[in-house]
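Student:
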Amino acid sequence: MILHQRWLKHDTGGRGRRADLSFFDLSGLGLNRINLSGAKLAGASLSGSRMTGAELAQADLFCTDLSHADLTGARLSGADLRGARVDRARLSSADLRGADLRKGAMAPAGARRPAGNQSGVTTFIGATMVRTLLTDCRMSQCDLTGCDLTGADMTGADLGGAVLVAANLTGATLHRAQLDGIVLAGAKLREDQRAELERRGIDIDGTGMVPLAERVADMISAHQLWVEHDGRAGRRIELECADLRGLSFANQLLSGSVMRRCGLRGADFSGSRLVMADLSYADLRDADFTSADLSGCNLRGANLAGAKLWRVTMRSVDVSGDGSRFWPTNLEGTSLIGADLRDTSLARALMNGADLTGSRTNATTLRGADLARIVGGQGGLQLTT
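To convert, note that position 183 of the sequence shown is 197 in the numbering used here; the numbers rise steadily by one, no gaps.
(1) On the DSSP letters alone, give me the boundaries of the beta strand (DSSP E) that L360 sits inside.
(2) Alpha carbon to alpha carbon, how far is T142 from F303? Give it in angstroms, no decimals.
(3) So what does DSSP say about A383, is it helix, strand or coil?
(4) DSSP has R329 in a bridge; who is on the other side?
(5) Quick check on the burial criterion: 16 or more other C-beta atoms within 10 angstroms. Buried or exposed for N182?
(6) Going by C-alpha to C-alpha distance, which of S349, L188, D150 sits closest to N366?
(7) Assuming A199 and D219 are in contact, meaning their beta carbons sit under 8 Å apart, how far apart are those beta carbons, in whole angstroms?
(8) Under 9 Å, do R99 and T66 count as touching if we go by C-beta distance?
(9) Opposite T142 in the DSSP bridges: which residues?
(10) Assuming V177 and C255 are in contact, meaning their beta carbons sit under 8 Å apart, how far apart are those beta carbons, in whole angstroms?
(11) Any chance you could list the alpha helix (DSSP H) runs of at least 4 consecutive residues sitting entirely within the region 173 to 235, in chain order?
(12) How far does the beta strand (DSSP E) with L55 in it extend, from its first residue to its last?
(13) When the Cα of G347 is compared with those of L147, C161, L115, A53, which residue comes out closest?
(14) Buried or exposed: where does V326 fall if 16 or more other Cβ atoms within 10 Å of its Cβ makes it buried?
(15) Can you tell me the Cα-Cα spacing of K117 and S305, whole angstroms?
(16) Would DSSP call A321 helix, strand or coil?
(17) Using the Cα positions of Y295 and P225, report the straight-line distance between them to the nearest angstrom.
(18) For L278, I'd like the list of residues in its chain whose CB is within less than 7 Å of its CB, leaving aside the five on either flank, ordered along the chain.
(19) So, are the CB atoms of T375 and I351 less than 9 Å apart?
(20) Determine, using beta carbons only, whether D84 and A103 come nearer to each other than 9 Å.
(21) Given this structure, state the Cα-to-Cα distance separating D157 from L115, to the nearest angstrom.
(22) With 16 other CB atoms within 10 Å as the buried threshold, where does A247 fall?
(23) Taking only three categories from DSSP, how would you classify T78?
(24) Is the beta carbon of V197 less than 9 Å from the beta carbon of G175?
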């Protein structure tokens, strides 16, 4: 590190050298306020590291793993983050101006395997990016699913084809941003932001999604065969970023199905069985789940604002068969604003970061539920008899 500091000071005596930590495992380390500006960290793992206030301007972070890292207030302006995994990292008030967040893959070389995303897509899934500076960033096809981008500045950024499904964009600035093909289903926006995007010709709930309405009936039939024959017949429903708005899945057998990040606003799931299904980050606003079975369902980061969840079953699933291992329903980071949760038990469900503001509940809903880390607090719940 001393040699790197000398290199930063343009040491003319040949005693300074740019730090090369490529492919190093630095996960979990305390690196707060460290100065690694311009350093080589390609393919390295910094997962879970503590880097608040760190200087990483112009750093080579190509295919690096920064998942769960704390980069609050860090400076990453001009950094190369192509192919990096930054999922669930904390980047509030960080400076990423001019950073490169486009796709970028690195082939393994012998024992050297990049810690980032093998797909090459740069991902910030579930990251906290409140008031983050992203001006003039190259972010085409970047995955920002479920990000909290409240008050973020994306002025002049290239967001062409970027995925912001279920992201919180309240108060975010998108002035002069390139938005061709952007996917915004379920994103949280102020009304003035929504109106401005619509004036720009963006279908907020559908742009960038694959329309599949005509094929859904056949897919459901094939999935039911898959469930009934333990995967030996039929075909599992595995969808991502599909436009399924307003469709009916009422009374269907959909256990184990995958409809991740899909546009399902106003869809009818009443009476359906969705045991251990994956609906994470889906747009489920105003959807009807009355009397549905969501036991063990993954609803992390989904937008269920205004949804009908009356008499829904959310039990933990005994995946071991002997009571030694249970799979809970996942409501972490889920928006349940104004949802109807009457006669639905939230006991044992994962609730960290769930927003229950204004939801309709009764004594059954809250009995045994862990509400310590919900958003809105019990004061925001509407008790209904």
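A virtual CB, placed ideally from N, CA and C, is assigned to each residue, including glycine.
Tutor: In short:
(1) Locating residue 360 in the sequence shown gives position 346, counting from the first residue. Taken as a continuous stretch (DSSP letters only), L360 belongs to no beta strand (DSSP E), as it is neither H nor E.
(2) Walking along the sequence shown from the start, residue 303 turns up at place 289. Walking along the sequence shown from the start, residue 142 turns up at place 128. The alpha-carbon atoms of F303 and T142 are separated by roughly 29 Å.
(3) Here residue 383 refers to the residue found at position 369 when the sequence shown is read from its first residue. Here A383 sits in coil by DSSP.
(4) Translated into the one-based positions of the sequence shown, residue 329 becomes position 315. None; R329 has no bridge partner.
(5) Numbered from 1 along the sequence shown, position 168 holds the residue referred to as residue 182. Classification of N182: buried, given that the 10 Å Cβ count is 16 or more.
(6) Against the sequence shown, residue 366 aligns to sequence position 352. Nearest of S349, L188, D150 to N366, Cα basis: S349.
(7) For the purposes of this step, residue 199 is taken as the residue at position 185 of the sequence shown. For the purposes of this step, residue 219 is taken as the residue at position 205 of the sequence shown. Confirmed, Cβ separation roughly 5 Å.
(8) Locating residue 99 in the sequence shown gives position 85, where the first residue counts as 1. Locating residue 66 in the sequence shown gives position 52, where the first residue counts as 1. Result no, Cβ atoms of R99 and T66 do not sit closer than 9 Å.
(9) Taking the first residue of the sequence shown as 1, we reach residue 142 at position 128. For T142, which the question treats as bridged, DSSP gives the partners R104, D162.
(10) Taking the sequence shown and counting its residues from 1, the one referred to as residue 177 is at position 163. Taking the sequence shown and counting its residues from 1, the one referred to as residue 255 is at position 241. That pair is a contact at about 7 Å.
(11) 205 to 213
(12) Along the sequence shown, one-based indexing puts residue 55 at 41. Looking at the DSSP string, L55 is not in any beta strand (DSSP E), and its letter there is neither H nor E.
(13) Sequence index remark: in the sequence shown, residue 347 carries index 333 (1-based). Measuring from the Cα of G347, the nearest candidate turns out to be C161.
(14) Mapped onto the sequence shown, residue 326 falls at position 312. Buried, because 16 or more other Cβ atoms sit within 10 Å of the Cβ of V326.
(15) Residue 117 sits at position 103 when you count from the first residue of the sequence shown. Residue 305 sits at position 291 when you count from the first residue of the sequence shown. About 42 Å.
(16) Against the sequence shown, residue 321 aligns to sequence position 307. It is coil, neither helix nor strand.
(17) Counted from its first residue, the sequence shown places residue 295 at position 281. Counted from its first residue, the sequence shown places residue 225 at position 211. Cα to Cα, the separation comes out at about 18 Å.
(18) Within the sequence shown, the letter at position 264 stands for residue 278. Taken in chain order, the residues that qualify are L258, R259, A296, D297, L298, A301.
(19) What you label residue 375 is simply residue 361 of the sequence shown in a count that begins at 1. What you label residue 351 is simply residue 337 of the sequence shown in a count that begins at 1. No, these two residues do not count as a Cβ contact at 9 Å.
(20) Position 70 of the sequence shown, counted from the first residue, corresponds to residue 84. Position 89 of the sequence shown, counted from the first residue, corresponds to residue 103. For D84 and A103, yes; Cβs fall inside 9 Å.
(21) On the sequence shown, residue 157 is found 143 positions in, with the first residue counted as 1. On the sequence shown, residue 115 is found 101 positions in, with the first residue counted as 1. Those two C-alpha atoms are separated by around 9 Å.
(22) Locating residue 247 in the sequence shown gives position 233, where the first residue counts as 1. That one is exposed.
(23) The count along the sequence shown starts at 1 and reaches residue 78 at position 64. Correct three-state label for T78: coil.
(24) As a working note, residue 197 is residue 183 in the sequence shown. As a working note, residue 175 is residue 161 in the sequence shown. It is a contact, given that the beta carbons lie within the stated cut-off.
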